[in-house]
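Here the structure comes first, spelled out in structure tokens, and everything after it is commentary.
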Amino acid sequence: MTNRKLTFIRMSFKSLVRKRSFWLCIALIPLFVLFVSVTSKDDSGVLKIGVLYEDSDPAGKEIAESLINDDHLIYFFRAEDEESSIHDIVRGRLDALWIFEGDTESRMREYFTGKSKDPFVRVFEREGSITLFMSHEFLYGAMYPKIAYIIYEDFVERNLVPKAEITEEQIKEAYAKHADTGSIVVFDTIEGGKAEQKTDYLTLPLRGLLSLTVLLCALAGALYYRHDLETGKYNCISAKKRLFPAYATVFPAAFICGAAVYVTLVVSSQVESAAWEALAMALYIWAVTSVGVLFGLVIPSVKALGAVVPMYMLTCTLLSPIFYNLPMLTPIMRFLPNYHYLASSYNKELLMSLGIFAAVITVLTFVADKIRARLA
Amino acid sequence: MKKKYLSLRFKKAMKVYPTVLAISLALLIVIGVFTFFTVRSLYDENNDHRVRIGLCGSIGGTYLNIGVEAIKSFDSLNLSMELVEMTLEEADRSLRSGDIYGYVIVPEGFVNGIVNYENVPLHYVMNSDNDAFSSLVIMDVARTVASLVTTSQYAVYSMESLARENHVSYVGENGEQLNLKFIDLILARDDTFSNTRLDVEENNSIFGYYICSGILLALLLWGISCSALLTKRDPSLDRLLASKGVGPFSQVTREFFVFFALTFVTFFAPCAILGACLKAADLPIPEISSGPYYGGIMFAIKAIPALLAVCAIHFLIYEVFKKGVGVILIQFFITVIAGYISGCFYHVNFFPDSVRNIASQLPWGRSLTLLKASVRGETDVLSSAILLVFAALAVGLSVFLRKREVSA
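Residue numbers (the numbering used here), protein chains in the order written: chain A, 56 to 431; chain B, -2 to 405.
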């Protein structure tokens, strides 16, 4: 690289670090991550469900505690009393209340042996939603080991005991041998790795949100480039040689922000491998720099670019899998750089797709520049 | 001169309005698409768009097959999850193309494993971008559903081994009987608890909530759309205006008034039209369907303090960061951060109390509270008063900054 080009890059870095709005944005990155990381440790869940039980009811207590102690997306806690909890539901502070009224095991036994038809859990809840329906499955799932044993025991007593001498101990022992075989479901990723069971959904969008800031800074770099072009800064450079200034203006913005995001993610332990993330971030900086340059070349004025940037950013924010994954929109997502970056954190195949995306966009910038130079 | 300045500002506003409107419409379309798909996929209990989960592996000729049939007919889960039998290749292809959320593989020795007291777990395969919220919900449910199926199998094979050890005849018949009993039990599981639905006061429906959060997000982005109107020009013009008798206070208040008027007009018309259309369409949004046809107009009027506060903050940001590019950067950062903690992306109830308390004290969170009350047809006096104070403070600060600039 010639000295002139290096001087150009150095000047771009210098002019960027003098902008206070840019530094304010960079400073907001770790502050935001710190805020979310600290607050996410507080109790929270997609639903807040109170469980009411008595200490003198071992079965009810066991089921309730398994719900409270297990990691779920739903926040379960021990409710204090029925009246105030119902009041909380009515006031919108609580989603549901599950009440084990005492002597749960006997009630279950009577219910499943056909001696009673009375339900053994009382549920109060607000208006229905899919997540509330799903919470019923968690309730039933927590009760099911006990229920399954009662059904099994009753079946054995009715059908096997009259035909053979089977003791209570044998019944328990046979069940324990089968039931105590460890984890019954393993989560894998399609690429072959193990998928972690995560429930801390508040910090999950952090990586996605921070990737947006890198993209935004690259687009801001494109705006600076367009502004410089319109104010005549590059008049001394031939129209055929304006691709390099575009890269030299966009790259510093993407690089500084990318570095800040990378350090923040590593320091706050949001990534599994710092080396892998460094590689993914390097490719992502390349990709967003090329996207920024392409926008700067294709969109003919600062005003038009200023209008397109928010739309593109909003599309990247809402349609890529940051908050919700909408698989039906995957074909659109493939045009968004942050989609490839988010997907690349898990395996080599997808890291390569980020590299391919960056390379394709870079080629497009060369094509766009050639067309622009011919038209100039 | 002061009157002339006001009319000049209006003229400028009218000149840039078509651009502003075009940008805003495009942004609204993006928000609308996102809101529609999100609400449809996660919350609408009446839709037929289910989360599809593939099922492959050796399930034929075992009790597990019957168990899986039972799971398939789960009434409540059918609203959200659908198990589709497919080959491994089909499942892999469907997962990569986004047709299914994940697939369950029942491994070769699964049933034998249970019989021989060995742990041969089921495998749930998902996409690697499992950081999205919906993937976590599915994982949690898949874990619970899998435990229902396998626990039933444990019980069946425990009974069979007990029968075999004690030389009881008709082992297989007994196994089938017990398995059918479990299936009946799973299908009737909602009978095991009594369910009372309570009417909730001061609460919005999910659709009502996301309409309000979508409006707040649009208001947050409005500052970027209006950059052509608000971007600061040469500061010497402010000094010239001051010398002609239009002081910093008059400048700021007139500029802000024009900006707010533009915002209100843009906000009012769609609210009035959409309110009437949604009411006529009789969609499952109780706040709108139970209100009058002019509910949109009432909503727009009641939401004025929120509009004032958000506009005043946009105005202040432009007063602090005068350059076009920097201001867009800051605006977008603030939109994402404020939108996140105020509940524009995740429902505000998903956050812990500490975040909710902080958000409710900030102008954006308070604006959402006011919008939610307004869409219910209520008047939230406290939120309105707080938002008016925020608006006054932001405008006051803008006047102070302009004064400093003029006297510099």
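No residue lacks a Cβ here, since even glycine has one placed at the ideal position from N, Cα and C.
Give the interface partners of residue i over in chain A, defined as CB-CB distance under 8 Å, in chain order.
| i | result |
| --- | --- |
| V197(B) | I144, V145, R146, G147, R181, E182 |
| H164(B) | A219 |
| S224(B) | G361 |
| L175(B) | I206, Y207, F210 |
With a threshold of 8 Å between beta-carbons, can residue i be considered close to chain B, or not?
| i | result |
| --- | --- |
| G196(A) | yes |
| E192(A) | yes |
| Q325(A) | no |
| V101(A) | yes |
| A314(A) | no |
| N214(A) | yes |
| F299(A) | no |
| D243(A) | yes |
| F131(A) | no |
| P19(A) | What the structure shows of chain A is the stretch from 56 to 431, and residue 19(A) is not part of that stretch, so it cannot be assessed. |
| A119(A) | no |
| T372(A) | yes |
| K74(A) | yes |
| P174(A) | yes |
| T168(A) | no |
| T94(A) | yes |
| F378(A) | yes |
| L338(A) | no |
| H395(A) | no |
| L406(A) | no |
Please go through the same chain and pick out, in chain order, the residues whose beta-carbon is closer than 6 Å to the beta-carbon of residue i, but skip the five residues on each side of it.
| i | result |
| --- | --- |
| A151(A) | I104, E180 |
| M66(A) | none |
| D377(B) | L367, A370 |
| F68(A) | P307 |
| A303(A) | F63, I64, S67 |
| H282(A) | V357 |
| N204(B) | It should be noted that the sequence gives Phe, not Asn, for residue 204(B). Contacts found: I282. |
| Y394(A) | S375, M388 |
| D209(A) | T168 |
| L216(B) | V307 |
| T108(A) | Residue identity check: residue 108(A) is Tyr in the sequence provided, not Thr. These residues qualify, in order along the chain: G115, K116, A119, F155. |
What residues in its chain sit with their C-beta under 8 Å from that of residue i, if we drop five residues either side in the sequence?
| i | result |
| --- | --- |
| I270(B) | G293 |
| G242(B) | M(-2), K(-1) |
| V153(B) | Y60, G172, L175, N176, F179 |
| L187(A) | L102, D150, A151, E180, R181 |
| S73(B) | The pLDDT assigned to S73(B) is 45, lower than 50, so where the model puts this residue is not dependable, and the model offers no usable value. |
| D279(B) | S286 |
Are any of the Cβ atoms in chain A nearer than 8 Å to that of residue i?
| i | result |
| --- | --- |
| L326(B) | yes |
| L92(B) | yes |
| V103(B) | no |
| H311(B) | no |
| F31(B) | yes |
| Y121(B) | yes |
Given that residue i touches chain B, what residues does it touch there, using C-beta distances under 9 Å?
| i | result |
| --- | --- |
| Y302(A) | Ordered by position in chain B, no residue passes the 9 Å Cβ test against Y302(A), which lies about 18 Å from the chain. |
| D97(A) | F348, P349, D350, S351, V352 |
| R177(A) | F190, S191, N192, T193 |
Among the residues of its own chain, which have a CB less than 7 Å from the CB of residue i, if the five just before and after it don't count?
| i | result |
| --- | --- |
| A413(A) | L338, W341, A342, S345 |
| A275(A) | A308 |
| R236(B) | V403 |
| D112(A) | F155, G157, D158, T159 |
| R427(A) | L352 |
| F264(B) | A297, L304 |
| R353(B) | V345 |
Mind listing the chain A neighbours of residue i? Cutoff is C-beta to C-beta under 7 Å, in chain order.
| i | result |
| --- | --- |
| K12(B) | In chain order: nothing, as chain A lies at least about 12 Å away. |
| L145(B) | G196, Y199 |
Chain B partners of residue i, CB-CB under 8 Å?
| i | result |
| --- | --- |
| I226(A) | L159 |
Can you pull the chain B residues whose beta carbon is under 7 Å from the beta carbon of residue i, in chain order?
| i | result |
| --- | --- |
| P200(A) | T148 |
On the three-pair Cβ rule with 8 Å, is the region 220 to 227 of chain B touching the region 13 to 26 of chain B?
yes
Would the region 314 to 330 of chain B count as touching the region 278 to 290 of chain B if we require 3 or more Cβ pairs under 8 Å?
no
Could you please tell me which residues of the region 329 to 342 of chain B, in chain order, have their CB closer than 9 Å to any CB of chain A?
F329, F330, I331, T332, V333, I334, G336, Y337, I338, F342
Could you tell me whether the region 361 to 369 of chain A touches the region 330 to 338 of chain A, where touching means 3 or more Cβ pairs closer than 8 Å?
no
Is it a yes or a no for the region 182 to 202 of chain A touching the region 179 to 197 of chain B, going by three-plus beta-carbon pairs under 8 Å?
yes
For the region 187 to 212 of chain B, list every residue whose C-beta sits within 8 Å of some C-beta in chain A, in sequence order.
D187, D188, T189, F190, S191, N192, T193, R194, L195, D196, V197, E198, E199, N200, S202, I203
Taking any Cβ of chain B, which residues in the region 340 to 365 of chain A have a Cβ under 8 Å from it, in chain order?
V357, K358, G361, A362, V364, P365
For the region 103 to 116 of chain A, enumerate the residues whose C-beta is nearer than 9 Å to any C-beta of chain B, in chain order.
K103
How about the region 244 to 259 of chain B and the region 335 to 344 of chain B: do they share at least three Cβ pairs that are nearer than 8 Å?
no
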